[in-house]
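All remarks here apply to the structure that follows.
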Amino acid sequence: MEGIGLLAREAGFAVAGVARPRPLDEDERAFARWIGRSFHGTMRFLEREPERRFRPETLLASARSVIVLGVPYFPGDPPAPSGAHARVSMFAWGKDYHEIIGGRLSALISRLRERFGAKAAFRPFVDAGPVAEKSWAREAGIGGIGKNTLLIAPGVGSYVFLAVVLTDLELWSRTPPFPLSPLPLSASRDPCGGCTLCLDACPTRALVEPRVLDARRCISYLTIEHRGEIDPALAGRMGDWAYGCDVCQEVCPHNPAGTIADEPEFWPSAGPGSHLPLDAAEGLSEGAFRKKFGGTSLARAGRRRIARNLEIVRKNIAGESVNG
16 MEGIGLLARE AGFAVAGVAR PRPLDEDERA FARWIGRSFH GTMRFLEREP
66 ERRFRPETLL ASARSVIVLG VPYFPGDPPA PSGAHARVSM FAWGKDYHEI
116 IGGRLSALIS RLRERFGAKA AFRPFVDAGP VAEKSWAREA GIGGIGKNTL
166 LIAPGVGSYV FLAVVLTDLE LWSRTPPFPL SPLPLSASRD PCGGCTLCLD
216 ACPTRALVEP RVLDARRCIS YLTIEHRGEI DPALAGRMGD WAYGCDVCQE
266 VCPHNPAGTI ADEPEFWPSA GPGSHLPLDA AEGLSEGAFR KKFGGTSLAR
316 AGRRRIARNL EIVRKNIAGE SVNG
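Going by the working numbering, the residue at position 121 of the sequence shown is 136; the numbering climbs one at a time, nothing skipped.
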């Protein structure tokens with residue numbers, strides 16, 4: 016139904032598709048194996064009721080469609096700062112995507128209620144609930160999951176924020192993905208072919224095999240999710256990354272060079288930008304830090320973690336041992 020795509024576009028989404036809410040048994044088994052190998056690190060919340068991620072009816076009993084939406088966010092190549100600085104992953108250059116995408120979901124649901132009636136049921140998710148967004152995006156025909164474990168959408172690549180809306184409206188049988196053409200099954204299952212650039216480039220060898228990430232070694236996990244000290248052997252490989260990491264995306268041939276997303280809220284001018292000075296957290300209380308970085312993803316990590324990461328970057332740049 017072309018109207019869904021139009022409503023999604025009006026709400027601020029560049030990509031949309033709808034999947035049938037069937038159980039994703041293969042994905043659920045793969046996730047269980049991943050948890051069984053402890054690759055989720057200290058993210059214990061992932062262990063709770065894992066089946067909910069792959070069975071929409073456990074989240075919305077009346078679910079008849081899974082609407083998947085995407086917003087490209089590539090803000091352009093990072094500028095070269097003067098002096099010693101620490102890098103920030105592109106997704107965090109601007110405003111916090113949870114807040115921005117959440118607002119757009121509310122706008123979309125309002126439009127859907129106007130179109131289909133106030134009694135329609137909806138349950139939205141923006142990377143903050145038990146939903147396997149990438150799996151459902153694949154099912155909706157938006158893209159395929161790459162060997163770096165990220166969704167790769169044709170013409171957009173992996174620099175895309177995903178959101179999901181469960182609804183009791185039956186839309187999946189009538190809604191082609193937009194603005195993308197439905198992918199052949201082979202492409203949606205494996206957009207990478209024989210390419211291993213991301214596996215070869217990972218500084219910490221966190222991609223232990225195609226589509227399997229050991230989060231305990233991933234720089235994004237270490238700098239954002241992990242609390243406490245970081246293993247010196249891994250800290251020494253973090254290079255100048257203070258928040259997240261884009262290496263596996265930077266080398267991906269699917270990410271179009273020079274195609275800047277028309278999303279000013281995610282541009283560096285709207286947030287902390289592409290780099291942080293090494294003293295960005297010095298002399299700040301937790302409250303002052305959150306005030307300084309309020310409305311951005313960095314505020315979620317908090318001062319203590321950012322200060323830890325910046326100290327590691329400082330030592331890496333200076334060639335000092337992280338044990339010192």
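Where a beta carbon is used, it is the ideal one built from N, C-alpha and C, also for glycine.
Which of helix, strand or coil DSSP assigns to residue i
i	result
Ala29	coil
His113	helix
Trp256	strand
Glu62	helix
Gly158	coil
Thr238	helix
Ser53	coil
Leu195	Interpretation of Leu195 is limited by its pLDDT of 46, a score under 50 that renders its predicted location unreliable; the figure taken from the coordinates is listed afterwards. Reduced to three states, the DSSP call for Leu195 is coil.
Val328	helix
Pro87	strand
Leu361	Nothing in the structure corresponds to residue 361, since the chain is present only between 16 and 339.
Val245	Note on residue identity: the sequence assigns Ile, not Val, to residue 245. In this structure, Ile245 counts as coil in the three-state DSSP scheme.
Leu222	strand
Leu228	strand
Arg102	strand
Ala34	strand
Buried versus exposed call for residue i [16 or more other C-beta atoms within 10 Å across all chains shown]
i	result
Ala221	buried
Pro197	The pLDDT assigned to Pro197 is 46, lower than 50, so where the model puts this residue is not dependable, and the model offers no usable value.
Lys306	exposed
Asp6	The structure shown does not extend to residue 6, since the chain spans only 16 to 339, so no value can be given for it.
Arg119	buried
Pro94	exposed
Thr274	exposed
Glu278	buried
Thr219	buried
Ala136	exposed
Phe308	buried
Residue i versus residue j - alpha carbon distance
i	j	result
Asp40	His241	29 Å
Arg231	Tyr88	26 Å
Glu66	Thr164	19 Å
Leu291	Glu326	12 Å
Ala257	Asp42	32 Å
Arg128	Ile321	41 Å
Pro96	Gly288	11 Å
Glu25	Val262	33 Å
Glu185	Gly51	35 Å
Leu195	Ala296	For Leu195, the predicted model reports a pLDDT of 46, less than 50, meaning its position is unreliable; a value from the coordinates is still stated below. Cα-Cα distance, rounded: 42 Å.
Val171	Ala147	20 Å
Leu75	Cys260	34 Å
Gly32	Asp294	43 Å
Contact belief for residue i with residue j at Cβ below 8 Å, rounded distance in angstroms
i	j	result
His269	Ile157	No, His269 and Ile157 are not in contact; Cβ-Cβ is about 13 Å, not under 8 Å.
Val83	Val179	6 Å
Pro271	Gly109	Pro271 to Gly109, Cβ: 19 Å. No contact.
Arg68	Asp183	The Cβ separation is near 19 Å, so there is no contact.
Asp246	Val328	About 16 Å; that fails the 8 Å criterion.
C-beta neighbour in chain D for residue i, strict 9 Å
i	result
Ala303	Any reference to chain D falls outside this structure, which holds one protein chain only.
Heavy atom of the ligand ZN within 8 Å of residue i beta-carbon
i	result
Val171	The ligand ZN is absent from the structure shown, which contains no ligand whatsoever.
Task: Complete runs of the alpha helix (DSSP H) confined to the region 266-311 [at least 4 residues] - done: Listed in chain order, they are 301-307.
Task: Every unbroken alpha helix (DSSP H) inside the region 122-183 [4 residues or more] - done: DSSP runs (the alpha helix (DSSP H)) wholly in the region 122-183: 148-154.
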